[in-house]
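Structure record follows, encoded as structure tokens.
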Amino acid sequence: MTTRIVELRQGVLKKNDELARKLRERFNASGVLVLNLVSSPGTGKTAFLERTLRELHQSGARVAALVGDLETDNDARRLAASGAPVRQINTHGICHLDAEMIDKHLDGWNLVDLDYLFIENVGNLVCPSSYDLGERIRVALLSVTEGEDKPLKYPTLFNSADAAIITKIDIAEAVGFDRAAALQSIDSIRPGIRVFETSARSGAGMDTWLAYLKAQR
Amino acid sequence: MHELSLASSIVDAVTESLASYPGARVKEVRLRVGALAAVEEESLQFCFGIATENTPLAGSKLAVVIVPVGGHCPTCAKDVEIASLRSFRCPVCGGPVENTSRGRELEIDSIEIEDEEETVQS
Numbered sequence: 008m009t010t011r012i013v014e015l016r017q018g019v020l021k022k023n024d025e026l027a028r029k030l031r032e033r034f035n036a037s038g039v040l041v042l043n044l045v046s047s048p049g050t051g052k053t054a055f056l057e058r059t060l061r062e063l064h065q066s067g068a069r070v071a072a073l074v075g076d077l078e079t080d081n082d083a084r085r086l087a088a089s090g091a092p093v094r095q096i097n098t099h100g101i102c103h104l105d106a107e108m109i110d111k112h113l114d115g116w117n118l119v120d121l122d123y124l125f126i127e128n129v130g131n132l133v134c135p136s137s138y139d140l141g142e143r144i145r146v147a148l149l150s151v152t153e154g155e156d157k158p159l160k161y162p163t164l165f166n167s168a169d170a171a172i173i174t175k176i177d178i179a180e181a182v183g184f185d186r187a188a189a190l191q192s193i194d195s196i197r198p199g200i201r202v203f204e205t206s207a208r209s210g211a212g213m214d215t216w217l218a219y220l221k222a223q224r
Numbered sequence: 023m024h025e026l027s028l029a030s031s032i033v034d035a036v037t038e039s040l041a042s043y044p045g046a047r048v049k050e051v052r053l054r055v056g057a058l059a060a061v062e063e064e065s066l067q068f069c070f071g072i073a074t075e076n077t078p079l080a081g082s083k084l085a086v087v088i089v090p091v092g093g094h095c096p097t098c099a100k101d102v103e104i105a106s107l108r109s110f111r112c113p114v115c116g117g118p119v120e121n122t123s124r125g126r127e128l129e130i131d132s133i134e135i136e137d138e139e140e141t142v143q144s
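Residue numbers (the numbering used here), protein chains in the order written: chain R, 8 to 224; chain H, 23 to 144.
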């Protein structure tokens, strides 16, 4: 018997990363801006996306969404009411979306006909941070009902985000939300990141968010 | 809880690399994991045990080396290491650290294998 060391130097997520790179090239070539929305369950990703899709759709932008959940197509049905094409991705127990799921669910969509494609990830602040989906902008969402220190508890996701959204600000006062502490914890993990303070219900902050989206195109 | 998916990916990648070493048994897999890779080692070790069953990796050891987080400080114009995951600021000047380039690794560094002695050709 002989024992030997074989150098591999290979990324564990190599397959996902390679596919994500191809997707990113495809998205760039088609001129579609792709965003990956990540948060814990209950932050209000779907309500926020509903309002974003509706307002963009009404302003004449061509939008579409892919929405990930373990089970049910409830969110896709909710989002489709905006008038935008929406597809549900059911992961059946898997806690994150990966590049292959995105690739499969793009079938039949002509990307050059889209201005924006939103991907709503599975509600989870840990696993989605490891999986590149080929997006240009990764958005981390945090609601006023969650702890202000959540970014400190989940640095991997917040540090990899390109923009942060604070949701449900219409109830901030009622739940005793400490705005300064939340902004500080976001800034500790991702110094200088753009933060949007929004309410999907009242519409507060949506104009600034939509202006940002238009400027990114 | 994506450690089982990761463990399966490790098994697939290692099994593929064994094609050049027919009959070899894996003794150890050496993994580099960034402190910011969102991987829980204990959970990964547990899942590795399950994922390797009935594969050439069965019974092998998973050795994990944690890679600290580092990035570029534009103010100091050099690469710095981040001391705490609670603050992504330069330990020298306190300025924001851009693109954390190290600390997200999830890489199979090497494997230790055992195989039959090759017939030495003279």
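Virtual Cβ for every residue (Gly too), placed ideally from N, Cα, C.
Taking C-beta atoms as the reference points, R:S46 and R:G154 fail to come closer than 8 Å. By DSSP's assignment, R:V146 forms a beta bridge with R:L44, R:A170. Here DSSP, grouped into helix, strand and coil, assigns R:V133 to coil. Counting every other CB atom within 10 Å of its CB across the protein chains shown gives R:D114 a total below 16, marking it as exposed. Taking 9 Å as the Cβ-Cβ cut-off, the stretch 87-111 of chain R approaches chain H at I101, C102, H103, D105, given in chain order. For the C-beta of H:E64, not a single chain R residue is nearer than 8 Å; the gap to the nearest is close to 14 Å. For R:V70, the closest Cβ of chain H is not nearer than 8 Å. Close CB contacts of R:K175 within its chain, under the 7 Å cut and outside five residues either way in sequence, are with G51, S150, V151, T152, S206 (chain order). Taking 8 Å as the cut-off between beta carbons, the residues of the stretch 26-45 of chain H near chain R are S27, L28, S31, I32, A35, V36, S39, Y43, in sequence order. Residue environment: H:E63 is assigned as exposed (fewer than 16 neighbouring CB atoms within 10 Å of its CB, all protein chains considered). Contacts with chain H at 8 Å (Cβ-Cβ) include R:G18. Interface flag for R:S137 against chain H is set, since a Cβ pair is found closer than 8 Å. The criterion of a C-beta distance shorter than 8 Å is not satisfied by R:E14 and H:S31.
Within the stretch 88-105 of chain H, not one residue has a Cβ closer than 8 Å to any Cβ of chain R. Between the alpha carbons of R:G49 and H:E134 lies a distance of about 45 Å.
Secondary structure note for R:N81: its alpha helix (DSSP H) is the uninterrupted segment 81-87. Per DSSP, reduced to three states, the secondary structure at R:I96 is strand.
Taking C-beta separations shorter than 6 Å and ignoring five residues to either side along the sequence, the partners of R:L118 in its chain run S37, V39, following chain order. For R:V45, no CB of chain H lies under 8 Å from its own CB, so it is not counted at the interface with that chain. With a cutoff of 8 Å on beta-carbon distance, R:A147 and R:F165 are scored as near each other.
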